[in-house]
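Colleague: Numbering (this note's numbering), first residue to last: 5 to 97. Glycine included, C-beta positions come from ideal geometry on N, C-alpha and C.
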Amino acid sequence: MITLTETAVAEIRRIMDEQGLQPSSFLRLGVSGGGCSGFSYVMSFDTELKDDDQVSEFHGLKVALGGEAQPYLDNTVLDFNDEVNKRGFVFNN
Numbered sequence: 005m006i007t008l009t010e011t012a013v014a015e016i017r018r019i020m021d022e023q024g025l026q027p028s029s030f031l032r033l034g035v036s037g038g039g040c041s042g043f044s045y046v047m048s049f050d051t052e053l054k055d056d057d058q059v060s061e062f063h064g065l066k067v068a069l070g071g072e073a074q075p076y077l078d079n080t081v082l083d084f085n086d087e088v089n090k091r092g093f094v095f096n097n
């Protein structure tokens, strides 16, 4: 299971508002790649769930984690860093 901090949820909601997404939209998290550089984390917005999605809600934000990503994101905390030199999402696992 993954966890999202309040700071990360606030930034995701800001982005969703900025992009004018539908109220039914939710955050989808996953991984891609592999090989020499390892996996990369993937964040996107979606409106349709898949059969193998693990769905959670954090501070009112619906989050779907695809079945293939679940083992790689287990016990991960998604945070958002708003410092001048380090602005961005951070996956802590």
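Helix or strand or just coil, what does DSSP make of Met5?
Modeller: Correct three-state label for Met5: coil.
Colleague: Can you list, in chain order, the residues of its chain whose CB lies under 6 Å from that of Phe93, leaving out five sequence neighbours each side?
Modeller: Correct list, in chain order: Phe84.
Colleague: Could you compute how far the alpha carbon of Lys66 sits from the alpha carbon of Arg17?
Modeller: So the alpha carbons of these two residues sit roughly 11 Å apart.
Colleague: Is Ile19 closer than 8 Å to Thr80 when the C-beta atoms are compared?
Modeller: No, Cβ-Cβ distance for Thr80 and Ile19 is not below 8 Å.
Colleague: Using beta-carbon positions only, say whether Asp56 and Gly71 come within less than 8 Å of one another.
Modeller: The answer is yes: Cβ separation under 8 Å.
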